[in-house]
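Respectively, the protein sequence lines represent chains A and B.
Our numbering numbers the first residue of the first sequence as 1377 and each following residue consecutively.
Our numbering numbers the first residue of the second sequence as 7 and each following residue consecutively.
We put the CB at the ideal spot given by N, CA and C, even for glycine.
What follows is one structure encoded as structure tokens, with my remarks underneath.
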Amino acid sequence: MSELDALQTTLAAEHAAVFVYGALGGRTSLAANPVLHDSVSSAYVAHRARRDLLTRSILDLEAEPVAAEAAYALPARLDSPGDIERAALDIERSCASTYAYLVAHTVAAQRRMAIAALNEGAVRELAFRGTPETFPGLDEYTDR
Amino acid sequence: MPTGPPLVARRSALLLSAVVLAAAGCDDGNSPSPADTPTGTLPGTSTVDPDIALVDAVLVDLGRAEQVATAAGLAELAALHRAHIEVLEGDPPAASAQGRRAARAAVRREEERLHRQLVAAAVAAESGALARLLASMSAAVSQRLA
């Protein structure tokens, strides 16, 4: 697995995150639930920025960034604030795993970027009723 | 979701890999004899895996953070650091006798310092698996600081 491959995998994950957060934003009411609306909006902006950063990184390697899919599967139930929080938490945990993977396959500035993204995502999990973990992003330690 | 590479970050594995390196090939006939080397070093180990020293330094930081958290009565935070130490196969630190109130005041400062150290160690790690582990530890500390 090359650094470029790992960057492409992470970009694909961010494409999905941006899509799903866009859908979550459309189902979150600013008036009825301003805190959740703000959390979802902030997460959307953060993932879009990471997506753009990854795209530039791949272009800098003179490669073609992987394109977004036309659509991504959404969770079956997005009817309540709890459903929205669970979906957002799933996105963040999935992205944390992907960034941890990117850390392992990069060095120097790219690795620093991946570490920062992992840290930011781990903190964002808490806004969606995530509980602090012992090893964020490391699926093999989820039972700890 | 991609699966990470096998975790080879344990200190014993790092030490083993260093010894294997030393035994496998690094003797070009010009290496100094054991008698010429300083006590405690192996012939041909001038390129010993730098991750060993990195892990040792991180263990010192984790041990100090665990002491500060324990002294402050923050058992959950201390348990986090203990879990991280165990994964890195460190030795348990000695208990601290600091006053709880003073210790609590030091916790955030200590956690911020530990976070910086973990990020720096993750960037510096030669092993991608070790970098991934250290980065995850830094993220766990970020969650507690949030």
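Start and end residues, alpha helix (DSSP H) containing residue i
| i | result |
| --- | --- |
| Pro1410(A) | 1410-1436 |
| Thr1404(A) | Taken as a continuous stretch (DSSP letters only), Thr1404(A) belongs to no alpha helix (DSSP H), as it is neither H nor E. |
| Pro56(B) | 56-77 |
| Tyr1523(A) | The structure shown does not extend to residue 1523(A), since chain A is modelled only from 1377 through 1520, so no value can be given for it. |
| Met1476(A) | Per the sequence shown, residue 1476(A) should be read as Ala rather than Met. 1457-1480 is the span of the alpha helix (DSSP H), which, as asked, contains Ala1476(A). |
| Ser144(B) | 134-151 |
| Leu83(B) | 81-93 |
| Ala1503(A) | 1484-1503 |
Cβ-based burial, residue i [other Cβ within 10 Å; buried from 16]
| i | result |
| --- | --- |
| Gly79(B) | exposed |
| Ala77(B) | buried |
| Val129(B) | buried |
| Leu1494(A) | buried |
| Gly46(B) | For Gly46(B), the predicted structure reports a pLDDT of 39, less than 50, and the residue's modelled location is therefore unreliable. A value from the coordinates is still provided. Counting Cβ neighbours within 10 Å, Gly46(B) comes out exposed, since fewer than 16 surround it. |
| Arg1518(A) | According to the sequence displayed, residue 1518(A) carries Thr and not Arg. So Thr1518(A) counts as exposed. |
| Gly1402(A) | exposed |
| Gly1497(A) | buried |
| Met1377(A) | exposed |
| Ser1456(A) | exposed |
Nearest-angstrom beta carbon gap, residue j and residue i [assumed within contact, 8 Å]
| i | j | result |
| --- | --- | --- |
| Pro1512(A) | Ser142(B) | 6 Å |
| Ala1480(A) | Ala145(B) | That belief does not hold up - the Cβ atoms of Ala1480(A) and Ala145(B) are roughly 14 Å apart, past 8 Å. |
| Leu116(B) | Val74(B) | The sequence shown places Glu at residue 116(B), not Leu. Right, their Cβ atoms sit about 4 Å apart. |
| Gln1384(A) | Val1442(A) | 5 Å |
| Asp1436(A) | Ser1473(A) | Actually they are not in contact, since the Cβ atoms of Asp1436(A) and Ser1473(A) sit about 25 Å apart, beyond 8 Å. |
| Val1396(A) | Tyr1475(A) | About 16 Å separates the two Cβ atoms, so there is no contact after all. |
| Glu1499(A) | Ala152(B) | Going by the sequence as given, residue 1499(A) is Val instead of Glu. At roughly 5 Å, the Cβ-Cβ gap stays under 8 Å, so Val1499(A) and Ala152(B) are in contact. |
| Asp57(B) | Ser133(B) | 5 Å |
| Ile1527(A) | Leu1412(A) | Chain A is shown only over 1377 to 1520; residue 1527(A) falls outside these bounds and no answer can be derived. |
| Thr1482(A) | Ala1382(A) | 6 Å |
Partner residues on chain A for residue i, Cβ-Cβ distance less than 7 Å
| i | result |
| --- | --- |
| Leu86(B) | Thr1510 |
Residue i: contacting residues in chain B (beta-carbon distance under 7 Å)
| i | result |
| --- | --- |
| His1481(A) | Gly134 |
| Ala1476(A) | Gly10, Arg138, Ala141, Ser142 |
| Arg1488(A) | Val129 |
Chain-ordered chain B contacts of residue i [CB-CB under 8 Å]
| i | result |
| --- | --- |
| Leu1514(A) | Gly10, Arg138, Leu139, Ser142 |
Cβ-heavy atom distance, residue i to the ligand GDP, below 6 Å
| i | result |
| --- | --- |
| Ser1415(A) | Among the components modelled here there is no ligand, and therefore nothing to report on the ligand GDP. |
Proximal chain B residues relative to residue i, where beta-carbon distance stays under 9 Å
| i | result |
| --- | --- |
| Arg1424(A) | Per Cβ cutoff of 9 Å: no residues; Arg1424(A) is ~21 Å from chain B at best. |
query = Closer than 7 Å, Cβ to any Cβ of chain B: which residues of the segment 1494-1509 of chain A, in chain order?
reply = Leu1494, Asn1495, Ala1498, Val1499, Leu1502, Pro1508, Glu1509
query = Can you list, in chain order, the residues of the segment 108-127 of chain B whose Cβ is nearer than 7 Å to any Cβ on chain A?
reply = Val125
request  = With 9 Å as the C-beta to C-beta threshold (strictly closer), list the residues of the segment 1451-1472 of chain A near chain B in chain order.
outcome  = Ser1470, Ala1472
request  = Check distances from the C-beta atoms of the segment 125-150 of chain B to those of chain A and list, in chain order, the residues that come in under 8 Å.
outcome  = Val125, Ala128, Val129, Gly134, Ala135, Ala137, Arg138, Leu139, Ala141, Ser142, Met143, Ser144, Ala145, Ala146, Ser148, Gln149, Arg150
task = Using a Cβ-Cβ cut-off of less than 9 Å, list which residues of the segment 53-80 of chain B approach chain A; keep chain order.
result = none
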